[in-house]
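In the UniProt record's numbering, the protein residues as written are 1 to 279. Where is the CB? At the ideal position from N, CA and C, for every residue including glycine. A short write-up of the structure that comes next.
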Ligand SMILES: [Zn+2]
């Protein structure tokens, strides 16, 4: 059995979406069996925060790991890139509380991972993937996320917005058919999006301090404020990116078809917690 880690370290620097704080992230190769984990190198004793479901402590508009004192926020795009590209073990050093949003997508992460490449690591005690045998669902009104029995690991997503520029969109991406790294071309480039009428409220609530037209697509009643889009259905592809990142907190992806509709980080994490309780 083999695991993988990065062949060399990579770094990215930028502003966090919610905190507005600029941080540097340095991702280093890590030992077999160590999984993906964060290290807050700016704090005394450099506390370690594992990238696991057990330490999720907030899911308001992004996924935050750790405790109220020692945390790392907006981990989902970076973790999606690592997990989807097969990086099992990684030490992610960060000198602040939030992962940089960069251009709002995972492209900078996938580009830097591809640039250094992976190395194979022998692993004797590799955990077997969870295989979903019966449907498992969580919902909030008509929003839901389900894990359905499937021969492959697939992620499908639907969204529905009144704004005509977004409307109803669906997309599906299979990890099991990722041999040509379709994640890099079809999912990773999809950027964070926001709705113009919610932005003022979010700013007043102390959120999205680092948000701008350079790192998020913004949609108003008359269309996109900062076109062009990278895909006609870029918003729903971004939701797949978020779902992949959140479910990567399970460690190895279960064998299942994950089907989500109008869901949120909160529902993604609820489903992952339910899967952990059952397996
Ligand atoms: Zn996102």
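For residue i, count the other beta carbons within 10 Å of its own beta carbon; 16 or more makes it buried, fewer makes it exposed. Which is it?
i	result
residue 71	buried
residue 96	buried
residue 187	buried
residue 213	exposed
residue 242	buried
residue 64	buried
residue 173	buried
residue 109	buried
residue 107	buried
residue 62	buried
How many Å lie between residue i and residue j at the Cα?
i	j	result
residue 140	residue 8	42 Å
residue 250	residue 276	8 Å
residue 201	residue 264	18 Å
residue 48	residue 55	11 Å
residue 145	residue 13	33 Å
residue 88	residue 76	15 Å
residue 167	residue 10	38 Å
residue 37	residue 92	6 Å
residue 268	residue 44	32 Å
residue 247	residue 233	22 Å
residue 138	residue 132	15 Å
residue 161	residue 208	21 Å
residue 135	residue 159	21 Å
residue 165	residue 127	44 Å
residue 34	residue 42	21 Å
residue 6	residue 181	16 Å
residue 112	residue 22	19 Å
residue 26	residue 94	7 Å
Going by the DSSP bridge assignment, what does residue i pair with across the sheet?
i	result
residue 24	13
residue 159	169
residue 89	5
residue 139	144
residue 224	219
residue 260	145 and 157
residue 244	Its beta-bridge partners do not exist; DSSP assigns none.
Find out if the Cβ-Cβ distance for the pair residue i, residue j is shorter than 9 Å.
i	j	result
residue 238	residue 120	no
residue 192	residue 104	yes
residue 17	residue 101	yes
residue 244	residue 83	yes
residue 98	residue 74	yes
residue 148	residue 271	no
residue 240	residue 150	no
Could you give the C-beta distance for residue i and residue j, rounded to a whole number, given that I count them as a contact under 8 Å?
i	j	result
residue 279	residue 130	5 Å
residue 90	residue 32	The pair is not a contact, with the Cβ atoms about 12 Å apart (cut-off 8 Å).
residue 39	residue 114	With 8 Å as the limit, residue 39 and residue 114 do not qualify as a contact, their Cβ atoms being about 23 Å apart.
residue 225	residue 196	7 Å
residue 154	residue 257	5 Å
residue 210	residue 24	The Cβ separation is near 15 Å, so there is no contact.
Does the distance between the C-beta of residue i and the nearest non-hydrogen atom of ligand 3 fall short of 8 Å?
i	result
residue 76	The model depicted lacks ligand 3 and carries ligand 1 instead.
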